[in-house]
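S.K.: Here it is: the structure, laid out below.
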Amino acid sequence: MSGIQWDDNIFDTPAPASTNANTNATSISKPKGGIQCPNCGSHEIETHAASGASICTECAVIVEENAIVSSVDFAEGAGGAASMVGQFVAHNRTKAYGSSGYGMNDSRENTLAKGRRRIQDVASRLRLNSHFVDSAHRLYTIAVEKNFVQGRRQTHVTAACLYISCRQEKSSHMLIDFSDALGVNVYKLGTCFLKFRRLLGLELPIIDPALYVYRFAAHLDLSDNANKVAMTALRIVGRMKRDWIVAGRRPAGVCAAALLIASRAHGFD
């Protein structure tokens, strides 16, 4: 085809820039697709490693600032000693630990581990499952964070946490059961429980006397009529509730009175 001249230079592409220059000139990572810009809704987010900020490439809005990173860096001091750069933040805390925070964190973790072992020991004596242990351990963690364990016996605090868990789950365990299992004074244990409940501001449900009917009936010599006596006692407790006889009285006393009346009704002396 005459009249057409090809210029080979038009197919030449410019040489790529030096990679060393780009490495030192920028500190921007790849776009983060999981974050959405609250201003324009774009997912084109770039992160500046130096400042820890995430910036939208569409509207230049700072999406995140001072982001926490999981990398650990060390710097060399004047005397040649290496020191950690940054602060340590635990997964369940909002405050950061400095260079001396590891010892504090280890001490806290040891305290929580000892508390959990103590809770498991008490729960095994009272035949409580792991659900009560987990709930009580969460309460014990709050007690440690609020320094409630300072100046108090660990036995009292762990028992109070486990008793609160039983109250929340409407279990038939009483405070005197914890006192007998641990061999401590029930009044001292009750004082610790009341102070901890006041500290947390918990509104625990009132104990239903019907929870103790079958438990108390199992300890009586009622032979094969134990179930019948217990059912009659439950109906008596229900009638006492409707007549406001339960208000202001101990649940154990109400349950014992109902069982006594039910036993007499079924011919037991």
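Counting from 360, one number per residue, gives the positions in the sequence shown under our numbering.
Glycine included, C-beta positions come from ideal geometry on N, C-alpha and C.
Since the model is a prediction, treat every value here as computed from it, not as a measurement.
Report buried or exposed for Pro568, applying the criterion of at least 16 other Cβ atoms within 10 angstroms of its Cβ.
M.R.: Classification of Pro568: buried, given that the 10 Å Cβ count is 16 or more.
S.K.: Whose CA, out of Gly607, Phe491, Leu581 and Cys415, lies closest to the CA of Arg623?
M.R.: It is Leu581 whose Cα lies nearest to the Cα of Arg623.
S.K.: Helix, strand or coil for Ile566 per DSSP?
M.R.: In the structure shown, Ile566 sits in coil (DSSP, three-state: anything other than H, G, I, E or B).
S.K.: Determine whether the beta carbon atoms of His515 and Leu548 lie at a separation below 8 Å.
M.R.: Yes, Cβ-Cβ distance for His515 and Leu548 is below 8 Å.
S.K.: Between the alpha carbons of Thr385 and Ile414, how many angstroms are there, rounded?
M.R.: Only weak support is given to the placement of Thr385: the predicted model assigns it a pLDDT of 41, under 50, and the value that follows is read from those uncertain coordinates. Cα to Cα, the separation comes out at about 14 Å.
S.K.: Within 10 angstroms of the Cβ of Ala441, are there 16 or more other Cβ atoms? Answer buried if so, exposed if not.
M.R.: Exposed: under 16 other Cβ atoms inside 10 Å.
S.K.: Determine the closest residue to Arg467 out of Gln479, Asp539, Ser538 and Ile501, with distance taken between C-alpha atoms.
M.R.: Cα-wise, what sits closest to Arg467 is Ile501.
S.K.: What first and last residue would you give for the alpha helix (DSSP H) that runs through Glu423?
M.R.: Unbroken run through Glu423 is the beta strand (DSSP E), Ile421 to Glu423; no alpha helix (DSSP H).
S.K.: Go ahead and label Thr499 buried or exposed: buried means 16 or more other beta carbons lie within 10 angstroms of its beta carbon, across all protein chains shown.
M.R.: Looking at the sequence shown, residue 499 is not Thr but Tyr. Buried, since its Cβ has 16 or more Cβ neighbours within 10 Å.
S.K.: Whose C-alpha, out of Ala577, Ala518 and His402, is nearest the C-alpha of Gly542?
M.R.: Taking only the C-alpha atoms, the option nearest Gly542 is Ala518.
S.K.: Would you say the beta carbon of Gly542 comes nearer than 7 Å to a heavy atom of the ligand FAD?
M.R.: Here there are no bound small molecules, and the ligand FAD is not part of this structure.
S.K.: If you drop the 5 nearest sequence neighbours on each side, which residues of the same chain put their C-beta closer than 7 Å to that of Arg536?
M.R.: For the record, residue 536 in the displayed sequence is Asp; it is not Arg. If we look at Asp536 and ignore the five residues flanking it on each side, its Cβ neighbours are Leu485.
S.K.: Given a cut-off of 8 Å on the beta-carbon distance, is the pair Ala592 and Val572 in contact?
M.R.: Yes.
S.K.: Please give me, in chain order, every unbroken run of the alpha helix (DSSP H) with length at least 4 that falls completely inside the region 569–610.
M.R.: Fully enclosed alpha helix (DSSP H) runs of 4 or longer: 572–576 and 585–601.
S.K.: Does DSSP put Glu405 in a helix, a strand or coil?
M.R.: Here Glu405 sits in strand by DSSP.
S.K.: Would you decide whether Arg601 is buried or exposed? Buried here means 16 or more other CB atoms lie within 10 Å of its CB.
M.R.: Exposed is the call here.
S.K.: Suppose contacts are defined by Cβ-Cβ distances below 8 Å. Is Val545 in contact with Leu534 by that definition?
M.R.: In this structure, Leu534 lies closer than 8 Å to Val545 by Cβ.
S.K.: Decide if Leu563 is buried, meaning its Cβ has at least 16 other Cβ atoms within 10 Å, or exposed.
M.R.: Answer is exposed; the Cβ neighbour count stays below 16.
S.K.: With a 10 Å radius around its C-beta and 16 neighbouring C-beta atoms as the bar for buried, classify Thr416 as buried or exposed.
M.R.: Exposed: under 16 other Cβ atoms inside 10 Å.
S.K.: For Phe575 and Ala615, I'd like the C-alpha separation in whole angstroms.
M.R.: Near 8 Å, if we compare the C-alpha coordinates of Ala615 and Phe575.
S.K.: Let me know if His496 comes out buried or exposed under the rule of 16 or more other beta-carbons within 10 Å of its beta-carbon.
M.R.: Label assigned to His496: buried.
S.K.: For Ile595, I'd like the list of residues in its chain whose CB is within less than 7 Å of its CB, leaving aside the five on either flank, ordered along the chain.
M.R.: Correct list, in chain order: Ala617, Ile620 and Ala621.
S.K.: Figure out for me which residue from Thr550, Ile566 and Gln527 has the closest Cα to the Cα of Ser538.
M.R.: Per the Cα distances, Thr550.
S.K.: Excluding the five sequence neighbours on either side, which residues of its own chain have a C-beta within less than 7 Å of the C-beta of Glu435, listed in chain order?
M.R.: Answer for Glu435: Ala441, listed in chain order.
S.K.: Can you give me the C-alpha to C-alpha distance between Asn469 and Ile478, rounded to a whole angstrom?
M.R.: Whole-angstrom Cα-Cα distance: 14 Å.
S.K.: Between the Cα of Arg475 and those of Leu521, Leu570, Val605 and Glu504, spot the shortest distance and give me the residue it belongs to.
M.R.: Minimum Cα distance to Arg475 is reached at Leu521.
S.K.: I need the DSSP call for Phe433, collapsed to helix, strand or coil.
M.R.: If DSSP states are grouped into helix, strand and coil, Phe433 belongs with the strands.
S.K.: Report all residues from its chain with a CB closer than 8 Å to the CB of Gly612; omit the five preceding and five following residues, and keep chain order.
M.R.: None.
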